[in-house]
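Colleague: Taking numbering that gives the first Met the number 0, I'd label the letters of the first sequence as residues 0 to 714.
For each residue, glycine too, the CB sits at the ideal point set by N, CA and C.
Before we start, here is the structure in question, set down as structure tokens.
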Amino acid sequence: MARYDPKQVEPKWRAAWDQAGVDRAREYDARPKFYALEMFPYPSGRLHVGHARNYAMGDVNARFQRARGFSVLHPMGWDAFGLPAENAAAERGVDPRQWTLGNIEVMRVELRRLGLAIDWSREFATCNPDYYGHQQAWFLKLWKRGLAYRKEGLVNWDPVDMTVLANEQVIDGRGWRSDAPVERRKLTQWFLRITAYADELLGGLKGLDRWPDKVKLMQENWIGRSVGLELRFDFTGEAPADAGPGVTVYTTRPDTLYGASFLAVAPDHPLAELIAGRDERAAEFVARARRGGTSEAEIESAEKRGFDTGLTVVHPFAPERRLPVWIANFVLMDYGTGAIFGCPAHDQRDLEFARKYRLPVTPVVLPAGEDPARFSIVDEAWTGPGRIYNSAFMDGMDVEAAKAAAVARAEAEGGGKGAVVYRLRDWGVSRQRGWGCPIPFIHCPACGVVPVPEADLPVRLPESLDFTRPGNPLARHPTWKHVACPSCGGPAERETDTFDTFVDSSWYFARFADAHAEAPIGPAAKRWLPVDQYIGGIEHAVLHLLYARFVTRALRDEGLLDIDEPFAGLFTQGMVTHETYRRQNGEWVEPREVKIVSEGATRRARDAATGEPLVIGDPVKMSKSKRNVIAPAEIVDIYGVDATRLFLLSDSPPDRDVQWTTAGVEGASRLVNRIWAEFDSLPPLGGGPAPGSGARRPEDKLRSGGGLPPPPLRG
RNA sequence: GGGGACGUGGCGGAACCGGUAGACGCAGCGGACUUAAAAUCCGCUUUUCGCAAGGAAGUGUGGGUUCGAGUCCCACCGUCCCCACCA
0 MARYDPKQVE PKWRAAWDQA GVDRAREYDA RPKFYALEMF PYPSGRLHVG
50 HARNYAMGDV NARFQRARGF SVLHPMGWDA FGLPAENAAA ERGVDPRQWT
100 LGNIEVMRVE LRRLGLAIDW SREFATCNPD YYGHQQAWFL KLWKRGLAYR
150 KEGLVNWDPV DMTVLANEQV IDGRGWRSDA PVERRKLTQW FLRITAYADE
200 LLGGLKGLDR WPDKVKLMQE NWIGRSVGLE LRFDFTGEAP ADAGPGVTVY
250 TTRPDTLYGA SFLAVAPDHP LAELIAGRDE RAAEFVARAR RGGTSEAEIE
300 SAEKRGFDTG LTVVHPFAPE RRLPVWIANF VLMDYGTGAI FGCPAHDQRD
350 LEFARKYRLP VTPVVLPAGE DPARFSIVDE AWTGPGRIYN SAFMDGMDVE
400 AAKAAAVARA EAEGGGKGAV VYRLRDWGVS RQRGWGCPIP FIHCPACGVV
450 PVPEADLPVR LPESLDFTRP GNPLARHPTW KHVACPSCGG PAERETDTFD
500 TFVDSSWYFA RFADAHAEAP IGPAAKRWLP VDQYIGGIEH AVLHLLYARF
550 VTRALRDEGL LDIDEPFAGL FTQGMVTHET YRRQNGEWVE PREVKIVSEG
600 ATRRARDAAT GEPLVIGDPV KMSKSKRNVI APAEIVDIYG VDATRLFLLS
650 DSPPDRDVQW TTAGVEGASR LVNRIWAEFD SLPPLGGGPA PGSGARRPED
700 KLRSGGGLPP PPLRG
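The following block contains the structure:
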């Protein structure tokens, strides 16, 4: 065979590998284990070159580790619940299950064609009751431990589609499908208590020495630990009877307490709601503040607005001072205590607020080199270091010493205590969606929230659902939700919310380790976990990777796992980009319709059919809207798997973006051909002359000066 | 507003602990093979001066440390990413 023909060679070896079962992971194997995993795909229906690059990397690693003598587990499955299936159902009337399973069939064929060393015997899809039933089982266990709970919380509510949206589904303050302004709405939702592990999740990062620093830093910032003081300001005179003795605020700057000129509570703070219930103007203010968007533009332009409740509190360190209590739109209910003390001299937001409502501005931190008699705050709050003044017992201290002194005094006088607060919020896992894992609970008018008995798991989705109308199809299904209460036997209703799909992906790696086990996590998980090398996109740096780290710990405490960290090594690969092509009228043109002409060093693009000149745009992430998507199947057809993979892995460092170019894959293809020709020209192993090349021996070939130079010697 | 990463030929990029800058690939130029082309193979290819031998400059900009800096330090310019009314 003179030339390499991938169409002949590749199927032969794929079949040989399959038959020999070389990719099967063996449980009983004396060699040390290696668990290689790439983030499993959503079955969108078509394999993307980004997938091809991701799985080629994982495949190279899996084969390399096997060659090094490890017993390798390298599985594959499908993150199969999610919105695209519902959208397809709504738009084309197809059944989400059929749509999803059909996509899996197509993508499995495409993946297998890539010749990946995957143990397909462990394949599963998260939309299969065999998988999600186990998820329901461990969720019930976490509920019994108090790690899963229901509470009323503020959510992004799409008033047109009538569903909660994840933050990622809110684009510039509007629902991504309906384009309706998203409201902040109070809704009772299921939560997982990830905050109980905040400290451990933060501390655990230190041990992850095979994770990119960038990802660890992003998680650290996301968890956002801060040390400060919780302090109660007591009401003066007549406060509403049910308002309690005062308002508890949280601050990281207790050193600036003597600069306080007001208190402010969030519009959702119980006190604000209490006032709103008695005062129409307050109610109006609260309603308006709640409507405010969370998009970047809105926050930047959002004016600081407040409502004076008329209540006053006593300054805990200076009882003669009275401070007004405001409701302010810039105070967040779900951070700290939902209430702050305003120190305009040393906080920019407080300063803007104070200027608008003519509240006093008293500096208490003197920057080095300033004269205390002359120093004043104009437009910019001073947030830097300095010496404390105007502050009684803290006068003369530096900022850090004053913080400690203020906390000590607040604790001694009983009104406050040092407190560590995290930016991290509990994980809201409820979605009003029909194509997801049902949350296994039953609402009984007599018994309240009752767990589905373990024997009744899995709680299966009904066979058919109506996705053509907005809202949750499970909630309006005629029969599905009506059940007898497991506790009293009376009529009751199922929970109709389903899990956020990040729950599905928070433990799949553990299921792969014992994919057919009776229990959610089988005994073989002990052998394989943790994942030794995990590979995926940087876009999951926080959400998926943090959720998986949390669930691993929660399941460990439940006795299901015996590891702290799910992924010992992490690698984040770059995206595959491609040039874009546009007509003069701005219309995007697909690469396959473009002819590239080189004129000296400059490249020009023309429409391959009409010759119309096209504008070449910078390489950007492949997307349908810019029509610059390359389907791996077409490339593999032309160049074969090896050339395609070689190009994707060699043209650019794996953690950086790679620009897809036809010239590049052609170069890779030439190399594959040269290697083939080199070996093809050698005599067969049994001796005798090789066809067409004379009786050359390998040594002659290496010495002949032709072909590749010898590799450099390395230490 | 806060945090982080990165700036090297026409292009993607290499250079590991501070020690020959530009590996490898693409594009380009020249040659071999061929009636011709494709394919393949060989050579050249940072810029600039020079017929050549050879010389000079050169890793975003300006400083600094060092015998020696793409690499370390400071400032600036630019690009990208993450978070963001987080008290």
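May I ask you to verify whether the segment 387 to 404 touches the segment 444 to 458, counting CB pairs closer than 8 Å and requiring at least 3?
Modeller: The answer is no - the segment 444 to 458 does not touch the segment 387 to 404, with fewer than three Cβ pairs under 8 Å.
Colleague: Can you say whether P343 is buried or exposed, counting buried as having 16 or more other CB atoms within 10 angstroms of its CB?
Modeller: It is buried - the Cβ of P343 has at least 16 other Cβ atoms within 10 Å.
Colleague: Starting from the C-beta of W675, find all residues in its chain whose C-beta is less than 7 Å away, skip the five residues before and the five after it, and write them out in chain order.
Modeller: Y3.
Colleague: At which residues does the alpha helix (DSSP H) containing S668 begin and terminate?
Modeller: Element bounds for S668: T661 to D679.
Colleague: With three or more C-beta pairs closer than 8 Å as the rule, is the segment 73 to 92 touching the segment 460 to 472?
Modeller: With the cut-off at 8 Å, the segment 460 to 472 and the segment 73 to 92 touch.
Colleague: Secondary structure at S294, three-state DSSP: helix, strand or coil?
Modeller: For S294, the predicted structure reports a pLDDT of 45, less than 50, and the residue's modelled location is therefore unreliable. The matter cannot be settled from this model.
Colleague: Would you kindly work out how many angstroms separate the C-alpha atoms of P253 and P266, rounded to a whole number?
Modeller: Computed Cα separation, rounded: 23 Å.
Colleague: To the nearest angstrom, how far is it from the Cα of Q18 to the Cα of T187?
Modeller: Going by the C-alpha atoms only, they are around 53 Å apart.
Colleague: From G687 to S680, what distance separates their C-alpha atoms?
Modeller: Note on G687: pLDDT 46, under 50, position unreliable in the model; the coordinate value appears next. Each residue's Cα considered, the two are about 12 Å apart.
Colleague: By Cβ distance below 7 Å, which residues in the same chain neighbour P211 in space, the five residues on each side in sequence not counted?
Modeller: Cβ within range, chain order: L569 and T571.
Colleague: Whole angstroms are fine: how far does the CA of H515 sit from the CA of A61?
Modeller: The straight-line gap from Cα to Cα measures roughly 22 Å.
Colleague: Pairing CB atoms from the segment 618 to 627 with CB atoms from the segment 22 to 37, are three or more of them under 8 Å?
Modeller: No contact exists between the segment 618 to 627 and the segment 22 to 37.
Colleague: Who are the Cβ neighbours of G470 in its own chain at under 8 Å, not counting the five residues just before and after it?
Modeller: If we look at G470 and ignore the five residues flanking it on each side, its Cβ neighbours are D160, M161, T162 and Q431.
Colleague: For the alpha helix (DSSP H) that contains P110, what are its first and last residues?
Modeller: According to the sequence as given, residue 110 is Leu; it is not Pro. Segment P95 to R112, the alpha helix (DSSP H) holding L110.
Colleague: So what does DSSP say about P590, is it helix, strand or coil?
Modeller: Of the three classes helix, strand and coil, the one that applies to P590 here is helix, per DSSP.
Colleague: With DSSP as the reference, label A49 as helix, strand or coil.
Modeller: Looking at the sequence itself, residue 49 is Gly, so the reference to Ala does not match. Of the three classes helix, strand and coil, the one that applies to G49 here is helix, per DSSP.
Colleague: Looking at the structure shown, is W16 part of a helix, part of a strand, or coil, going by DSSP?
Modeller: Reduced to three states, the DSSP call for W16 is helix.
Colleague: How many Å lie between D556 and D129 at the Cα?
Modeller: Answer to the nearest angstrom: the Cα atoms are 24 Å apart.
Colleague: Our contact map puts P612 next to R605 with C-beta atoms below 8 Å; I'd like the distance itself, whole angstroms only.
Modeller: Yes, they are in contact, since the Cβ atoms of P612 and R605 sit about 6 Å apart, within 8 Å.
Colleague: Apart from the five residues on each side of it in sequence, which residues of its chain come closer than 8 Å, Cβ to Cβ, to E633?
Modeller: So the qualifying residues of the chain are R591.
Colleague: Report the rounded CA-to-CA distance for R67 versus H539, giving the unit in angstroms.
Modeller: The alpha-carbon atoms of R67 and H539 are separated by roughly 30 Å.
Colleague: For the segment 507 to 583, which segments carrying the alpha helix (DSSP H) assignment without a break, of at least 4 residues, lie completely within its bounds, in sequence order?
Modeller: If we require 4 residues or more, the alpha helix (DSSP H) runs fully inside the segment 507 to 583 come out as 507 to 511, 524 to 527 and 542 to 556.
Colleague: Could you give the distance in angstroms between the alpha-carbon of R231 and the alpha-carbon of G536?
Modeller: The alpha-carbon atoms of R231 and G536 are separated by roughly 45 Å.
Colleague: Return the chain-ordered ranges of every alpha helix (DSSP H) run that is complete within the segment 209 to 293 and spans a minimum of 4 residues.
Modeller: List check, alpha helix (DSSP H) in window: 212 to 222, 269 to 277 and 279 to 290.
Colleague: When the distance is taken between beta carbons, is G76 closer than 8 Å to Y638?
Modeller: No, the pair does not count as a contact, with Cβ atoms beyond the cut-off.
Colleague: Is D333 near R424, with beta carbons less than 8 Å apart?
Modeller: Yes. Within cutoff.
Colleague: Starting from I387, follow its DSSP beta bridges and name the residues at the other end.
Modeller: V364.
Colleague: Measure the alpha-carbon distance for R280 versus E351 and round it to whole angstroms.
Modeller: Distance between the alpha carbons of R280 and E351: 22 Å.
Colleague: Considering L153, what are the terminal residues of the beta strand (DSSP E) in which it resides?
Modeller: L153 -> beta strand (DSSP E) spans A147 to D157.
Colleague: Taking 8 Å as the threshold (C-beta atoms), are D118 and L72 in contact?
Modeller: For L72 and D118, yes; Cβs fall inside 8 Å.
Colleague: Could you check the C-alpha separation between S649 and M621 for me, to the nearest Å?
Modeller: So the alpha carbons of these two residues sit roughly 19 Å apart.
Colleague: Using only alpha-carbon positions, find the residue among D496, L201 and F63 that is nearest to R475.
Modeller: With distances taken between Cα atoms, R475 lies closest to D496.
Colleague: Roughly how many angstroms lie between the CA atoms of P5 and A642, to the nearest whole one?
Modeller: Looking at the two C-alpha atoms, the distance is approximately 9 Å.
Colleague: By the three-class DSSP mapping on this structure, what secondary structure does E37 have?
Modeller: In the structure shown, E37 sits in a strand (DSSP, three-state: E or B).
Colleague: Looking at R552: is its Cβ nearer than 8 Å to the Cβ of W221?
Modeller: Going by C-beta atoms, R552 is not nearer than 8 Å to W221.
Colleague: Got a sec, what are the start and stop residues for the alpha helix (DSSP H) H133 sits in?
Modeller: Run containing H133: P128 to K143, per the alpha helix (DSSP H) assignment.
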